[in-house]
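This report concerns only the one structure given below.
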Amino acid sequence: MSYSFANALKMLKVLSTFCILTLQIGVHSAKFDAEKSSKNVEAAVLRHEIHHPVVNDGMNLWNQLQISCWPSIVLLGPGNIPLFILMGEGHTVILDLIIEATLDFFKDKISMKSVPEISPRSHLAPSSGLLFPGRVAVFEKKLLIADSGHHRLLLVNSSTGQVEVKIGCGDSGLKDGSFKEAKFFFPQGIQFLNADVAFVADTENHAIRMIDFKKCLVSTVAGTGEIGNDRAGGSVPATKQQLNSPWGLVLNPKKKILFIAMAGSHQIWGLALEDTKLWKKSVKQGYCVALAGSGREENRNNSYPHIAAFAQPSGLALSGKNSDCILVADSESSSVRKILLDDGAVSGVVGGEKNPNNLFAFGDKDGKSTEAKLQHPIDVCWSSKLGLAFVADTFNNKIKKIDLEKNTCETVGLKSDALTLKEPGGIFSDDASGRIFIADTNNHVIKVADVNNWNLQEFPIRFSTEVDSLTKFLKTTESSVVISSNKLRLKYQILVKFHGALKAAADAPHSYLISLPDDFKVDAKKGELLIREQKNELFGTACLEVPSSHQNAQIVTVLKVVTCGDGVCKMETLKAVVNIVRQSDASQSSNENTIETVFEL
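Residues -29 to -1, 1 to 572 in mature numbering (1 follows the signal peptide of the UniProt record, and there is no 0) are what the sequence shown spells out, letter by letter.
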């Protein structure tokens, strides 16, 4: 399988239903150059919550087994003897029959001993509060973030980064209701209708959700939660219409149609918000239909939208000086395409190749039309201020600008001391502020570029207590320290003591993050915890200065440590709360005290 291929990932859900008496091993065979990196594969395992072993195959097994397409399934019997090979999608029924017959035939040779799940290397989990953010969108001064790995949305002040609203409880699933009750599953594309309503492509739920900020409610407006293979739609209301991995969203200028990049069926669909007619097709309000794309996975341009074909379209943007077309980030063809709103004609802009069946024409090259090369772009946006489109060239870890009049593509020279982009999955131009927001997916952060000088900075997301309420802590300690009214320096020591066979993983990062009032001073808000092997403990220290003007306060420290024991390594999150209590009559021998937080594991 290839981790960029949506339909390959869908097969994992199918296979998981057979896991009771079978052992599942994923074999990753890269299509794109960027997918060959084991670090990127490891990130994909974490992103998609995969709990079976995954092998990064350099096409050796692919060639030996004569595999020719993604996805493919090889069924091995006892002794690792190949029994069946199934290529492509849609084999659920026959796979069920084959596995049932095989289990019955080999019942005397199959061990009933269960195999434990493999936990992803959770030390990859970030301290930013985000996990694989997929998309961003701005309306007025509100920034809405698809915090995809946490299965939720965050409404953030686009100036300060302060989180104002969390939408979704953080557990994967499909559930409507209040913001705290609602559940999403790897949400992606975002489109504001107005200041009070936004739509979300709930990708792994195969649904379109609506967020009502006034009522603080989430509802499903299209999709059933089950994957569908319908290539036409429109026969049932949208809430009964099965969808196939919706990924990107955009409204037409009159806001009558919500266009959907249906990555799984390689099509562009539309959800009618009003009764409307588009490209000689009438659509009733509340119905969802296919508007462009035959459903074949191709890079085929045509004046007739249903004869044209896409290859995993993932991002959409209303564009052109007169908002006369929709741009499509067509991921598997590594191209940007456009659809004219007037008649639905589909044409290429940059990337890909003229041969519609060649989906391997990827690379990293500026240029014109098909001379320009991209590598699996996932999102695209339009800047009315600059009259240019911008594409998240995901697997090239770059942002590129596109001139629609010339059909040219050029890499944007971003200036930054920050980490380089890692598979950016979302991009949005906020013309009012002159900034472009980027969901830097595999860095787990949002970044912002100033279009005047192309300086790139991380856009810090500030939670109310600097600690994400979704974090599950292994242990929490709370203590208090009483100080006098004078300005005080505190030496803050952190200890994590391990007992028995448990110890700190030697090759993993162990860190702390201190949250404290703005007028406190600290020499190291973030830092590493060091291993003391002889004592089997982790140790960290920081120096704080408490101003005399401050009364009672609270210091919150979050630790992320990777533990190993009994052959299993996993990441644990610990929380320490220190209450600072100021009393004028408190006895104090000096203006410097030491406080200590100790965790016993």
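The beta-carbon is built from N, C-alpha and C at its ideal position, and this holds for glycine as well.
Would you kindly report the start and end of the unbroken alpha helix (DSSP H) that includes residue i?
i	result
F110	F110 -> not in any alpha helix (DSSP H); beta strand (DSSP E) instead, spanning R106 to F110.
Beta-carbon within less than 7 Å of residue i's beta-carbon, same chain only, minus the 5 sequence neighbours each way: which residues are those?
i	result
T174	F157, P158, Q159, S216, P217 and W218
E269	A280, A282, P327 and N328
F3	S(-26), F333, Q346, H347 and F366
T565	K462 and Q464
Any idea what DSSP makes of residue i, helix, strand or coil?
i	result
L66	helix
F76	helix
F184	coil
D118	strand
E13	helix
S285	strand
N367	helix
S130	coil
Q256	coil
K226	coil
D4	helix
K377	coil
K325	coil
S387	coil
K546	strand
S404	coil
K531	strand
L473	coil
Hey, is residue i's beta-carbon within less than 8 Å of any beta-carbon in chain D?
i	result
L515	Of the protein chains in the structure, only one exists, and it is not chain D.
So, for residue i: in the same chain, excluding its five sequence neighbours on each side, which residues have a beta-carbon less than 6 Å away from its beta-carbon?
i	result
N176	L145, F156 and G196
E567	Q464
E324	A332 and T341
M58	C40 and S43
V548	E449 and V527
F570	K446, V467 and L545
S129	V109, K112 and L114
K497	L484
Following the continuous beta strand (DSSP E) through residue i, name the residue where it begins and the one where it ends.
i	result
D201	Note, D201: premise wrong, no beta strand (DSSP E); not H, not E.
W240	Q238 to A243
Q159	P158 to F163
C296	C296 to D301
G264	Neither: G264 is in no beta strand (DSSP E) and is coded neither H nor E.
E504	Run containing E504: none; DSSP gives neither H nor E here.
Y275	Per DSSP, Y275 belongs to no beta strand (DSSP E) and is neither H nor E.
H(-2)	G(-4) to S(-1)
E449	K446 to I454
L484	S482 to S486
L459	L459 to K468
L311	S306 to L311
A169	V168 to D173
Roughly how far, in whole angstroms, is the beta-carbon of residue i from the beta-carbon of residue j, given that I think they are within contact range, below 8 Å?
i	j	result
L124	A117	6 Å
G322	S302	Their Cβ separation, rounded to whole angstroms, is 10 Å, which puts G322 and S302 out of contact at 8 Å.
A232	P284	4 Å
A234	G257	Actually they are not in contact, since the Cβ atoms of A234 and G257 sit about 23 Å apart, beyond 8 Å.
I373	L357	11 Å between Cβ atoms; not a contact.
G319	N272	5 Å
Using a Cβ-Cβ cut-off of 8 Å (strictly less than) and excluding sequence neighbours within five positions of residue i, which residues of its own chain qualify?
i	result
G266	R202, S236, H237, Q238 and A280
K154	H122, G139, C140, D142, S143, G144, L145 and K146
V107	L114, L115, I116, A117, I161, G397, I398, F399, F408, I409, A410 and I417
D537	A472
Per DSSP, which residues does residue i bridge with? Please list them.
i	result
S430	At residue 430 the sequence reads Phe, which differs from the Ser that was named. DSSP output for F430 lists I417 as bridge partner(s).
A524	I551
V192	Looking at the DSSP assignment, V192 forms no beta bridge with any residue, so it has no partner.
G219	A232
W353	A360
F155	S143
S43	M58
L249	K252
L124	A117 and I138
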